[in-house]
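Letter 11 of the sequence shown, counting from 1, is numbered 10 in numbering that gives the first Met the number 0, and no numbers are missing.
Glycine included, each C-beta is placed from N, C-alpha and C at the ideal position.
Given the structure is predicted, the values throughout are model-derived calculations rather than measurements.
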Amino acid sequence: MSISDKIMEIAKRNNGVVTASALSEKGILRGNLKKLVDDGKLEKTARGVYILPEVWEDEFVNLQARFKKGIFSNETALFLWDLTDRTPNRYDMTFPHNYNLTNVKNEGVNCSRVKLEWYGEGIIQMKSPGGHIISVYNMERTLCDILRKRSGVDTGVITEAFKQYVARRDKNIPLLSEYAKKFHIEEKVRRYLEVLI
């Protein structure tokens, strides 16, 4: 099997997406991607991110491939979890507190930084609307984050998110309470839940 065939196989197994970093991890030189782009077998969608021509570009994948430490959060996570009917006009991502946000901000992403011990809480893998695997905070962590957000999320969005959450079968109230305690927002969470449950 040629190097080009290997790259195409990797892309096919990954829903039509291949990243330069994934190839580097397998010992394949990034220069091989240029030839596939020149031959029309791959398209470059962002720095280090390539897709098969028949695949729709997925901005969620592009951002996460470029900013590997970024976790989709806040209103973007609400959208992904179907806890809001508002499509975000900018993506929200959360990073460790020591991450340099200059390039991320230049991409127009709403950035948050959190303490290292809070960063990894509640990260899960889910499918983007385009069907690709991305990292996002779970529903319970997301609800706590929107209550903690300093710039504030619209009260209507928060209320709707809690209403949608409480109506779901896959809700985990004990986990929500655990996060509320950890993030010091127990009273805020209790106020929303008391009205809805």
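| task | Starting from the C-beta of Ser176, find all residues in its chain whose C-beta is less than 8 Å away, skip the five residues before and the five after it, and write them out in chain order. | result | Glu185, Val188
| query | Where does the unbroken alpha helix (DSSP H) through Asp144 begin, and where does it stop? | reply | 138 to 147
| query | What are the residues that DSSP puts in a beta bridge with Asp197? | reply | The question about residue 197 has no answer here: the residues shown for the chain are numbered 0 through 196.
| query | Going along the chain, which residues of its own chain have a beta-carbon closer than 7 Å to the beta-carbon of Leu115, five neighbours each way excluded? | reply | Pro95, His96
| query | In its own chain, which residues sit with a C-beta less than 7 Å from the C-beta of Leu174, not counting the 5 before and 5 after it? | reply | Answer for Leu174: Glu139, listed in chain order.
| query | How about the segment 122 to 139 and the segment 79 to 92: do they share at least three Cβ pairs that are nearer than 8 Å? | reply | yes
| Can Asn31 and Ser3 be called in contact, C-beta distance under 9 Å? | yes
| Can you give the beta carbon distance from Glu159 to Thr83, rounded, assuming they're within the 8 Å contact cut? | 6 Å
| Residue from Glu53, Arg29, Tyr118 with nearest C-alpha to Lys40 | When only C-alpha atoms are compared, the closest one is Glu53.
| Whole-angstrom distance between Tyr191 and Lys180, CA atom to CA atom | Their Cα atoms are separated by approximately 15 Å.
| request: Express the C-alpha separation of Ala19 and Leu28 in angstroms, rounding to a whole number. | output: 8 Å
| Continuous alpha helix (DSSP H) stretch holding Val156: start and end | 154 to 166
| said: Looking at Ile123: is its Cβ nearer than 9 Å to the Cβ of Thr93? | reply: No, Cβ-Cβ distance for Ile123 and Thr93 is not below 9 Å.
| said: Quick check for students: name the residue ranges of the alpha helix (DSSP H) that lie wholly in the segment 30 to 86, counting only runs of 4 or more. | reply: Secondary structure remark: continuous alpha helix (DSSP H) runs of at least 4 residues inside the segment 30 to 86, in chain order: 30 to 37, 58 to 65, 73 to 79.
| Taking just the CA atoms, how far does Thr86 sit from Gly15? | 25 Å
| query | Out of Val103, Gly107, Val60, which has the shortest C-alpha to C-alpha gap to Met125? | reply | Val60
| request: Return yes when the Cβ of Asn102 is within less than 9 Å of the Cβ of Tyr90, no when it is not. | output: Taking 9 Å as the Cβ cut-off, Tyr90 and Asn102 do not qualify as a contacting pair.
| Neighbourhood of Val156 by C-beta, 8 Å cutoff - its chain only, sequence neighbours within 5 removed | Glu74, Leu77, Thr83, Arg85, Ile145
| For Lys187, which of helix, strand or coil comes out of DSSP? | helix
| request: Specify the secondary structure class of Ile172 as computed by DSSP and reduced to three states. | output: Ile172 sits in a helix when the DSSP states are folded into three classes.
| Euclidean distance between Cα positions of Val113 and Tyr178 | 14 Å
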